[in-house]
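Inspection log for the structure reproduced underneath, given as structure tokens.
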Amino acid sequence: GAGVSQSPSNKVTEKGKDVELRCDPISGHTALYWYRQSLGQGLEFLIYFQGNSAPDKSGLPSDRFSAERTGGSVSTLTIQRTQQEDSAVYLCASSLQGVRPFNGYTFGSGTRLTVV
Amino acid sequence: AQSVTQPDIHITVSEGASLELRCNYSYGATPYLFWYVQSPGQGLQLLLKYFSGDTLVQGIKGFEAEFKRSQSSFNLRKPSVHWSDAAEYFCALIGGSGTYKYIFGTGTRLKVLA
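From first to last, the protein sequence lines are chains A and B.
For any residue, its number in the working numbering is found by taking its place in the first sequence, counting from 1, and adding 36.
For any residue, its number in the working numbering is found by taking its place in the second sequence, counting from 1, and adding 45.
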């Protein structure tokens, strides 16, 4: 598509439930990234995909977080047994190239997750 | 360690006034530097970037930024602010060969008074 699409835009879930966040990157972008933006915080790196592989998962906060990417396109970020501290905006971005993306990332509008 | 500091959490300016948002970085060499803007409910949009060469770079929406190696700074400026510029602004760097991960500052929220 023309931009990076994320769904849902908003998600309210009960503590302990699992959630799935979806990202549809720009067609042809091989690199895909997930960031988390918490209230009052900057943007926190979660994971980087190059194609379907994730060479860097170092930002995932705990083993409750996982992500996959299929067909070099759509990515899903899954949070199991959600906790209140997981409440944040989850941003997905993509770029043509992973290493030193000279043109910057293209970000989606994010999914605002609220755990109650 | 690599880091980006945006000293001002909030800035308020009047419409038509000039604007300068500060950004300082810590990195052993010259990083790739970026400014992004985030409007409410939106993702981040790239305003401008610096890699090398001319230290004054022009971006979209009338913004410019100046890289100053001696001060490790990359401040964002606009001569005359419009009400639509109200948003949050993020400075970011990428450094090192084989690097893909942005280091973001914590952002500066700009409020524009009519």
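Virtual Cβ for every residue (Gly too), placed ideally from N, Cα, C.
- [ ] Please go through the same chain and pick out, in chain order, the residues whose beta-carbon is closer than 7 angstroms to the beta-carbon of residue 119 of chain B, but skip the five residues on each side of it.
- [x] On the second sequence, residue 119 of chain B is found 74 positions in, with the first residue counted as 1. Cβ neighbours of residue 119 of chain B beyond the five flanking positions: 68, 70, 78, 95, 110, 112, 136.
Open item on the list: Could you give the first and the last residue of the continuous beta strand (DSSP E) run that contains residue 91 of chain A?
Closed with: The count along the first sequence starts at 1 and reaches residue 91 of chain A at position 55. Under the DSSP assignment, residue 91 of chain A falls in the beta strand (DSSP E) whose first and last residues are 89-92.
Task: Listed by chain order, chain B residues near residue 111 of chain A by CB distance under 9 angstroms - done: Position 75 of the first sequence, counted from the first residue, corresponds to residue 111 of chain A. At a C-beta separation below 9 angstroms, residue 111 of chain A has no neighbours in chain B, since its nearest C-beta there lies roughly 15 angstroms away.
TODO: Please determine if the region 64-73 of chain A and the region 121-130 of chain B are in contact, where contact requires at least 3 C-beta pairs separated by less than 8 angstroms.
DONE: Result no; under three Cβ-Cβ pairs closer than 8 angstroms.
TODO: Indicate whether residue 78 of chain A and residue 88 of chain B have their beta-carbon atoms separated by less than 8 angstroms.
DONE: In the first sequence, residue 78 of chain A corresponds to position 42, counting from 1. In the second sequence, residue 88 of chain B corresponds to position 43, counting from 1. In this structure, residue 78 of chain A sits away from residue 88 of chain B, with a CB-CB distance that is not shorter than 8 angstroms.
Open item on the list: Among B:47, B:91, B:84, B:55, whose alpha-carbon lies nearest the alpha-carbon of residue 75 of chain B?
Closed with: The sequence position of residue 75 of chain B within the second sequence is 30, counting from 1. Comparing alpha-carbon positions, the option among B:47, B:91, B:84, B:55 lying closest to residue 75 of chain B turns out to be B:47.
Open item on the list: Please classify residue 51 of chain B as buried or exposed, where buried requires at least 16 neighbouring CB atoms within 10 angstroms.
Closed with: Here residue 51 of chain B corresponds to residue number 6 of the second sequence, with the count starting at 1. Label assigned to residue 51 of chain B: buried.
Open item on the list: Give me the subset of the region 62-88 of chain A whose CB atoms are less than 9 angstroms from a CB atom of chain B, sorted by chain position.
Closed with: Hits within the stretch, in order: 67, 69, 71, 73, 76, 77, 78, 79, 80, 81, 84, 86.
- [ ] Count the other CB atoms, across all protein chains shown, that sit within 10 Å of the CB of residue 63 of chain A; report buried if there are 16 or more and exposed otherwise.
- [x] For the purposes of this step, residue 63 of chain A is taken as residue 27 along the first sequence, with counting starting at 1. Residue 63 of chain A is exposed by the Cβ-count criterion.
TODO: Name, going along the chain, the residues of the region 106-123 of chain B whose beta-carbon falls closer than 8 angstroms to a beta-carbon of chain A.
DONE: Contacts with chain A (Cβ-Cβ distance below 8 angstroms) from the region 106-123 of chain B involve no residue at all.
- [ ] Mind checking the region 129-151 of chain A against chain B and listing, in chain order, the residues whose C-beta falls within less than 9 angstroms of any C-beta there?
- [x] Correct list: 129, 131, 133, 134, 135, 136, 137, 138, 139, 140, 141, 142, 143, 144, 145, 146, 148.
Task: Proximal residues to residue 66 of chain B (C-beta, below 6 angstroms), its chain only, five neighbours per side dropped - done: Looking up residue 66 of chain B in the second sequence gives position 21. Spatial neighbours of residue 66 of chain B in its own chain (CB-CB distance under 6 angstroms, excluding positions within 5 residues in sequence) are listed in chain order as 121, 134, 153.
Open item on the list: For residue 91 of chain A, tell me which candidate among A:82, A:110, A:140, A:98 has the shortest Cα-Cα distance.
Closed with: As a position in the first sequence, residue 91 of chain A is number 55, starting the count at 1. Ranking the options by Cα distance to residue 91 of chain A, first place goes to A:82.
TODO: Whole angstroms is fine: what's the gap from residue 140 of chain A's alpha carbon to residue 49 of chain B's?
DONE: In the first sequence, residue 140 of chain A corresponds to position 104, counting from 1. In the second sequence, residue 49 of chain B corresponds to position 4, counting from 1. Rounded to the nearest angstrom, the two C-alpha atoms are 17 angstroms apart.
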